[in-house]
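Numbering (the working numbering), first residue to last: -3 to 319.
C-beta: ideal position from N, C-alpha, C; glycine also.
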Ligand SMILES: C[S@@+](CC[C@H](N)C(=O)[O-])C[C@H]1O[C@@H](n2cnc3c(N)ncnc32)[C@H](O)[C@@H]1O
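Put into structure tokens, the structure is as follows:
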């Protein structure tokens, strides 16, 4: 079972202490009642990993851990076998003692696109909503965040995070909790909140923006990254049953519409800082994620369209401030 005790201790003093009124009961109920059928198998793969303390650790430019002297070939192969038991790996890449987890997404590219535009993370308390395997949490730590907390309801991703954490010397500067944003109390405690790749999965996107706002301190910063379409402030795509083969896509606004939504929710200083078409180099099938990926979701004759005929994935990053 995942032990959240270290996290509780970490937040017992400081701006997140009031979370302890609800969080332990919530996570105990989760451990008792909501475990995925494969959770035990995934967690056993984490338990079977060696506890390694890297002699070189880089989370500033990548997520890379190394040992001097290196692992033997046999040890490295054993590590790779265990990590492959946690496939599919979507968000990364990670380089762990010579095992290169070549994930479906180049999450480092997204990070590079947005970091020039956000407030420095040095000393900040940050929340990453929908953090996946936690790749960006480590990069937030690398950028100086005091504590990086991620939430994600997908239990495989929580186990992937725990696997990486174990291999980074049980690093306690980042934590992932198996929760959805809708389960969060209004904490009003984080200096920066990231929501990347989540908004279009929410049935009620304005409620999502309110929920993000409720996590922020006054003057805190929201970093919102999501799928957008071209168009003016009134343009919104509500796809039919699927968008790029995904069933759970509800609203894809234009970036100007998103600015208006954010302002409607009370955010100020709203800025569109990046616009970018997702390329076949950024999202692709690899030996660590062997099922369909972007190339299979696009019209084979026209990569400007999804296979359903909608505009191909275009993403924007918007930065806004809680007044
Ligand atoms: C497209 S991925 C984005 C991952 C990462 N933030 C990134 O930008 O690379 C969306 C993530 O949101 C998570 N998610 C889905 N519903 C959520 C919810 N209600 N609250 C928080 N996260 C959610 C998914 O499990 C998934 O890991």
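Cβ contact (3+ pairs, closer than 8 Å) linking the segment 174 to 189 and the segment 6 to 17: yes
In chain order, what residues of the same chain lie with their CB nearer than 8 Å to the CB of residue 274, ignoring the 5 residues before and after it? 290, 308, 309, 310 and 311
Taking residue 284 and residue 97 to be in contact with their CB atoms under 8 Å, please state how far apart those CB atoms are, rounded to whole angstroms. Indeed, because the Cβ distance is near 5 Å, the residues count as touching under 8 Å.
Which full runs of the alpha helix (DSSP H) of 4+ residues lie inside the segment 185 to 220, going along the chain? The qualifying runs are 201 to 209.
Beta-carbon contacts of residue 196 that lie in its chain and below 7 Å, excluding the five residues immediately before and after: Closer than 7 Å at the Cβ level, and outside the excluded window around residue 196, lie 222, 223, 245, 246, 247 and 248.
Residue 51 to residue 93 span [Cα, whole Å]: Going from the Cα of residue 51 to the Cα of residue 93 covers about 10 Å.
Backbone secondary structure at residue 162 - three-state DSSP: helix
Once DSSP output is grouped into helix, strand and coil, what is the label at residue 96? In the structure shown, residue 96 sits in a strand (DSSP, three-state: E or B).
Inter-stretch contact (C-beta, 8 Å, three-pair minimum) for the segment 108 to 117 and the segment 61 to 81: The segment 108 to 117 is not in contact with the segment 61 to 81.
What number of angstroms, rounded off, separates the C-alpha of residue 171 from the C-alpha of residue 272? Those two C-alpha atoms are separated by around 29 Å.
Cutoff 8 Å; reference residue 256; Cβ partners in own chain excluding five residues on either side: Once the five neighbours on either side are set aside, the close Cβ partners of residue 256 are 229.
With H, G and I counted as helix, E and B as strand and the rest as coil, what does DSSP make of residue 242? strand
Pairwise C-alpha distance: residue 168 and residue 140: 14 Å
Pick from 162, 173, 123 and 163: whose alpha carbon is nearest that of residue 11? 123
Do residue 178 and ligand 1 come close, with the Cβ less than 7 Å from some heavy atom? Because some heavy atom of ligand 1 lies under 7 Å away, the Cβ of residue 178 counts as near it: yes.
If we cut at 8 Å on Cβ distances, does residue 130 have a partner in chain B? Within the model displayed, chain B is absent; a lone protein chain is all it includes.
So, at 8 Å on beta carbons, what are the nonlocal neighbours of residue 64 in its own chain, with the 5 sequence-adjacent residues on each side left out? For residue 64, where only same-chain residues beyond five positions count, the Cβ hits under 8 Å are 51 and 52.
Through-space distance from residue 315 to residue 39, alpha-carbon basis: 36 Å
Let me know the alpha helix (DSSP H) ranges lying completely inside the segment 275 to 306, each 4 residues or longer, listed in chain order. If we require 4 residues or more, the alpha helix (DSSP H) runs fully inside the segment 275 to 306 come out as 290 to 293.
Straight-line CA distance for residue 201 to residue 68? 50 Å
I'd like to know whether the C-beta atoms of residue 87 and residue 119 end up nearer to each other than 8 Å. no
Are the beta-carbon atoms of residue 288 and residue 236 separated by less than 8 Å? no
Less than 8 Å separating the beta-carbons of residue 155 and residue 212? no
Tell me which same chain residues have a C-beta within less than 8 Å of the C-beta of residue 105, skipping the five on either side of it? 278
On the premise that residue 231 lies in contact with residue 250, defined as a C-beta separation below 8 Å, what is that separation, rounded to the nearest angstrom? 4 Å
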